[in-house]
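In full-length UniProt numbering, the protein residues as written are 1 to 299. For reference, the structure is listed below as structure tokens.
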């Protein structure tokens, strides 16, 4: 690493550029060599995390800190536009478009490469909670008025954050697959690190997330590289992936609605079982019409 740093500094100096030593940081991940990295006789600072192109990178390669910071920046952007959300002259359509451009773009910046872990899933759920809260504020829906999330997304033409992140990720994969084979971004998609990993379950990486989606779509890397060369075909592939997850969510919603309707029908028929006394031989009151019966428990 010391040789590469000196080489970069020499090449930069040949074209009239210099490396800022105070802004240059060193992040090591499971490095056996702990020797300090120097530049022109000065030691570069070792850090556990740093901000690169607006995203926070840590030594564990996680996305928890980045998601947390994204939510904070999006809240600030939303509060700065408070006059727009409270305006009665602007239509809801303009407010939602403003939200997508000025708030949601800040919130989901860099979400294409977020790595899904147990803590990150909880953070992503907070992302959805924040989006729903903003949309309810835009529609001027406050307690005790309520609206379901599905109806809220339908009225504002929004996708759930899980589908939105998946859509952004596959758009980014398409751009990466269209690059030359010498590009580092292209090589990173199929690169296998050398060496052995430690004992235990392997961590959920971005590549494993991508391969899980590939398995769901019945594609491999060779087929995806061929499809990615056609932009129209790739857009159809990305839309089909989001449609598949959307249909699964819709089926779950239909199941919940059917179950709710069944409960309502049972209540309408005045059939209710509820224990009301704790005794050895439990008495259960069954209300069916105007009859009152007593039945012994099998316990």
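Note that beta-carbon positions come from the ideal geometry of N, C-alpha and C, so glycine has one too.
- No Cβ-Cβ contact shorter than 8 Å links residue 107 with residue 129.
- The stretch 7-23 makes contact with the stretch 34-50, as at least three CB pairs between them are under 8 Å.
- Counting every other CB atom within 10 Å of its CB across the protein chains shown gives residue 183 a total below 16, marking it as exposed.
- The beta carbon of residue 168 lies closer than 6 Å to those of 111, 112 in the same chain, with the five residues before and after it left out.
- DSSP, reduced to helix, strand and coil, places residue 56 within a strand of the structure shown.
- Taking C-beta atoms as the reference points, residue 139 and residue 92 count as a pair closer than 8 Å.
- Residue environment for residue 174: buried (at least 16 other C-beta atoms within 10 angstroms of its C-beta).
- Contact between the stretch 157-172 and the stretch 234-242 is established, with three or more Cβ pairs separated by less than 8 Å.
- For residue 217 and residue 146, the gap between their C-alpha atoms comes out near 37 Å.
- Beyond the five residues adjoining it in sequence on each side, residue 181 comes within less than 6 Å, by CB distance, of no other residue in the same chain.
- DSSP places residue 176 within a helical segment (H, G or I) once states are collapsed to three.
- Residue 36 and residue 227 have their alpha carbons spaced roughly 46 Å apart.
- Close CB contacts of residue 74 within its chain, under the 6 Å cut and outside five residues either way in sequence, are with 103, 106, 107 (chain order).
- Going by C-alpha positions, residue 233 is about 45 Å away from residue 2.
- From the listed residues 49, 191, 195, 199, the smallest Cα separation to residue 208 is found for 191.
- In the DSSP annotation of this structure, residue 203 is not part of any alpha helix (DSSP H), being labelled neither H nor E.
- Counting every other CB atom within 10 Å of its CB across the protein chains shown gives residue 131 a total of 16 or more, marking it as buried.
- Taking residue 222 as reference, the option from 82, 178, 85 with the minimal CA-CA separation is 178.
- Per the DSSP secondary-structure output, residue 156 pairs with nothing in a beta bridge.
- Residue 13 and residue 49 have their C-alpha atoms some 27 Å from each other.
- Take the alpha-carbon of residue 56 and the one of residue 66: they are about 5 Å apart.
- Spanning the alpha carbons of residue 88 and residue 136 requires a straight line of approximately 15 Å.
- Contact between residue 97 and residue 62 is ruled out by a C-beta separation of about 33 Å, above the 8 Å threshold.
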